[in-house]
Structures are given as structure tokens and as C-alpha cells.
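This report concerns only the one structure given below.
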Amino acid sequence: MQTSILDLHPGLVWGFVIVVVIMLLLDLGVFNKKSHEVTSKEATIWSIVWISLSMLFSLVVYYVFNNDAGGHDIAIEKLTQYQAAYWIEKALSVDNLFVFILVFGYFKVPKYLHHKVLFWGIIGALIFRAIFIFAGVGIINITFLPEMNVFGKLVQINAVLALFGIFLIYAGIKSWGGGNDDENEDYSSSAGAKMVKSFYKISDSYDGDKFFTVKNGVKMATPLLVVVAVIEFTDILFAVDSIPAIFAISNDPFILYTSNIFAILGLRSLYFLLANFIYMFSKLSYGLSIILTFIGIKMLIAPWVHISSPVSLGIVAGVLILSVIASLVFKDEKPEEKV
Numbered sequence: 106m107q108t109s110i111l112d113l114h115p116g117l118v119w120g121f122v123i124v125v126v127i128m129l130l131l132d133l134g135v136f137n138k139k140s141h142e143v144t145s146k147e148a149t150i151w152s153i154v155w156i157s158l159s160m161l162f163s164l165v166v167y168y169v170f171n172n173d174a175g176g177h178d179i180a181i182e183k184l185t186q187y188q189a190a191y192w193i194e195k196a197l198s199v200d201n202l203f204v205f206i207l208v209f210g211y212f213k214v215p216k217y218l219h220h221k222v223l224f225w226g227i228i229g230a231l232i233f234r235a236i237f238i239f240a241g242v243g244i245i246n247i248t249f250l251p252e253m254n255v256f257g258k259l260v261q262i263n264a265v266l267a268l269f270g271i272f273l274i275y276a277g278i279k280s281w282g283g284g285n286d287d288e289n290e291d292y293s294s295s296a297g298a299k300m301v302k303s304f305y306k307i308s309d310s311y312d313g314d315k316f317f318t319v320k321n322g323v324k325m326a327t328p329l330l331v332v333v334a335v336i337e338f339t340d341i342l343f344a345v346d347s348i349p350a351i352f353a354i355s356n357d358p359f360i361l362y363t364s365n366i367f368a369i370l371g372l373r374s375l376y377f378l379l380a381n382f383i384y385m386f387s388k389l390s391y392g393l394s395i396i397l398t399f400i401g402i403k404m405l406i407a408p409w410v411h412i413s414s415p416v417s418l419g420i421v422a423g424v425l426i427l428s429v430i431a432s433l434v435f436k437d438e439k440p441e442e443k444v
């Protein structure tokens, strides 16, 4: 079993938690105390901040393993595991942006409320991603099959990783080219919306940035709470693809969780940065399809062929760069804004 950063420096857990909590408090309580429309300049600054923090943390990972767990080679392996998991999650999360845009348009959410919705969606993601990742690693560790001779080699296959691999290959092939299914989605009848409606009556209109309002003496949820629930359930559905994908990179839950959360935290500012230019990344879905299929194949052949983290990182980065270049070269026309 690989050495975990949790075994070397348990204090890093609290350090990571403290940094994230401070940044979230600054984000909501200081810089965004009042709901407002986020400008491109503000979104750019926050994107740089989150990406910089993510990269700095990867250097912390390198430093810890370089000094306490066997030196440079192991430290490089862990560093690239973190980077690969981060960029895989970042890339797959960009797909969320398309759905966020559709959800906000469907519920006619005023632009000045977008930040608050995404902020509370992120809070939920922090909790659910922890459950998925730590539970997933635990399940994987107890689902190795007995050693067997397969294709002339004595191997130990992991049943869960094999299933994940098959699922990711299926998901990659199915997602080739994207699709417009989400554009016709009735988000008012989605699982998140139904859950809120089962507990509260929903008001017909927004009441500023409030989740609840009182009308005719009756406490009601505003559509804003419904939107938060829809966004949260959407993230859970996307995690079904992204979480299994990063299990192909590492079995260290702390590296997987921190890289995942840093990618998610930066997604909110990235949304505001790219929302008006998302049409320029029309070919990204092809790249994401290739990445999912590659990771699925990597999981299936792992008992026979080991693809190292640096190689995985290089392939993921190469596919992303090529898909973005293709998007810029073969641009789709900018869609007309709906009134």
C-alpha cells in the first residue's frame, strides 16, 4: 500500500481545512457580503487566486514526501498524482458550466444572485465529495480479488476498479460530441426541485437573495432555494463520472480530496469568467470523452500494464490543450442572448 500523506503529517488535514474555511469566509463574508453581479475582472482575480493556491499546495505535497517518505522519486510521483487528479477534475467540472448556464436561464435567476447559488452549491460539494472519496477508497481497499493467472500473468484484479473502468469507457463513448439533451431538460421536476417542494411551498417570485419569504402569513421557500438544490444534485450526478476517474490516479484519499476540492472551489470563479465565452469551447466535450475513455482503459489494464502518473498527466494535458485549440480554430457562432 502506498504511503499516505495522512500518515506523515496529520496536521496538514487541519491546515487544509483552515485555509479553505478562511478563503470561503473571505469570499462570502468580506468580498461578496452583498449579492452583486460578478465582473470579468473579479472572476479573473479569484480564478488566479484559487489556481495559485492549488499549485502551491501541490508543492507542499512534494515537500512532505521528498523529506519524509523516500525522497525525490516518490515525491514526484505524488506531485503528479495530485496534478493529474486536479486537472482531470477541473476539466470534467467545466462540463458543469454548461448545465449551470441552462439552470440559471431556466429559472430566470438574476445575475447578481448567481454567486450566492454557486457558493452554497460548493459547500454541499465539500461534504459529498468527502463522503464519496473516503468511502470509495475504503471500498476499493477491500475488493481485491485473490491472485489469479490471466493472459499468462499472475495478477490481482480489483472488482470495483474494473467496474469503474467499464463504466468510464461507456460514459466516454456516450458523451462523444456532447449533445443537446440538457437544453430540453425540465429542471423544475428534477430531484433537487422535488425535494424542496416536498418540504415547502414555493413562492412565485424571488425575494432578493433570500431563501425563504413570508406571503399572506405563510412561510415559503423562494425559487432561489430550488435552484441551489438543483445545482447541488447536478454536482452529485457529475461526481459519478469524475470521482471514479480520479481513483485511477491514486489511492491516497487526502491527495484525491484536496485536489478535487481545489478544482471545485475554483469552478465558481471560472463560471463567471467563461459564462460569456463558453461557445468558444465547443469541442471540449470531445476531449472530455477521450479522457474518460483513456482513464477507463487505464483502470482495466492496470493489473497488467502500469501507466504512471506523469504519463497520465501528460496525456490529459495534451488532450485538453488540443480540444481547446480545436474549439478556437473551428469556432461555433456565438449564440444570441435570450431576453
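Take 106 as the starting number for the sequence shown in this note's numbering and just add one per residue.
All C-beta atoms in this analysis are idealised placements derived from N, C-alpha and C, irrespective of residue type, glycine included.
Under 9 Å between the Cβ atoms of residue i and residue j?
| i | j | result |
| --- | --- | --- |
| ALA189 | ILE395 | no |
| VAL335 | TYR391 | no |
| LEU361 | PHE224 | no |
| TRP90 | LEU418 | Any property of residue 90 remains undetermined from this structure, which presents the chain solely from 106 to 444. |
| VAL125 | LEU389 | no |
| PRO349 | GLY243 | no |
| VAL429 | PHE377 | no |
| LEU197 | SER347 | yes |
| PHE212 | VAL323 | no |
| GLY277 | LEU397 | yes |
| PRO215 | TYR311 | yes |
| VAL208 | SER374 | no |
| ALA264 | LEU405 | no |
| SER280 | LEU393 | yes |
Thinking just about the alpha-carbon of each residue, which of the options is nearest to the one in residue i?
| i | options | result |
| --- | --- | --- |
| PHE272 | SER432, VAL416, LEU117 and PHE399 | PHE399 |
| SER364 | GLY243, PHE162 and VAL124 | PHE162 |
| SER308 | VAL118, ASP314 and MET325 | MET325 |
| LYS221 | LEU405, LEU330, ALA350 and VAL242 | LEU330 |
| PHE121 | PHE352, LEU231 and LEU207 | LEU231 |
| TYR305 | GLY313, PRO328 and SER280 | PRO328 |
| HIS219 | GLY229, MET300 and PHE205 | PHE205 |
| PRO358 | LEU379, LEU427, SER303 and ILE238 | ILE238 |
| GLY257 | VAL154, TRP409, TYR211 and TYR275 | TRP409 |
| LEU184 | ALA196, ASN201, LEU197 and MET160 | MET160 |
| THR149 | VAL260, ALA380 and LYS213 | ALA380 |
| SER414 | LEU433, GLY229 and TYR187 | TYR187 |
| LYS403 | PHE352, LEU425 and ALA422 | PHE352 |
| GLU142 | LEU433, VAL165, TYR217 and ALA422 | TYR217 |
| ILE236 | VAL345, PRO251 and ASP314 | VAL345 |
| GLU194 | PHE233, VAL301 and ILE366 | ILE366 |
| ASN356 | VAL165, GLU182 and ASP178 | GLU182 |
| GLY210 | SER432, GLU290, SER145 and LEU433 | GLU290 |
Any idea what DSSP makes of residue i, helix, strand or coil?
| i | result |
| --- | --- |
| VAL124 | helix |
| ALA353 | coil |
| LYS258 | strand |
| VAL410 | coil |
| VAL444 | Annotation note: pLDDT 36 at VAL444 (below 50); position unreliable, no value reported. |
| LYS315 | coil |
| ILE247 | coil |
| VAL214 | coil |
| LYS320 | strand |
| VAL429 | helix |
| VAL165 | helix |
| MET106 | Residue confidence is low: MET106 scores 46 on pLDDT, short of 50, so the model does not pin down where it sits. No coordinate-derived value is stated. |
| ILE336 | helix |
Just checking my contact of residue i with residue j at CB under 8 Å: how many whole Å lie between their CB atoms?
| i | j | result |
| --- | --- | --- |
| GLY270 | GLY401 | 5 Å |
| PHE343 | ASN254 | The Cβ separation is near 39 Å, so there is no contact. |
- Message: Below 8 Å, how does it come out for the region 352-370 and the region 310-320: are there three or more Cβ pairs, yes or no?
- Response: no
- Does the region 294-304 come close enough to the region 322-341 that 3 or more CB-CB pairs lie under 8 Å? yes
- Message: Measuring CB atoms only, is the region 157-171 touching the region 246-266, in the sense that at least three cross pairs come out at less than 8 Å?
- Response: no
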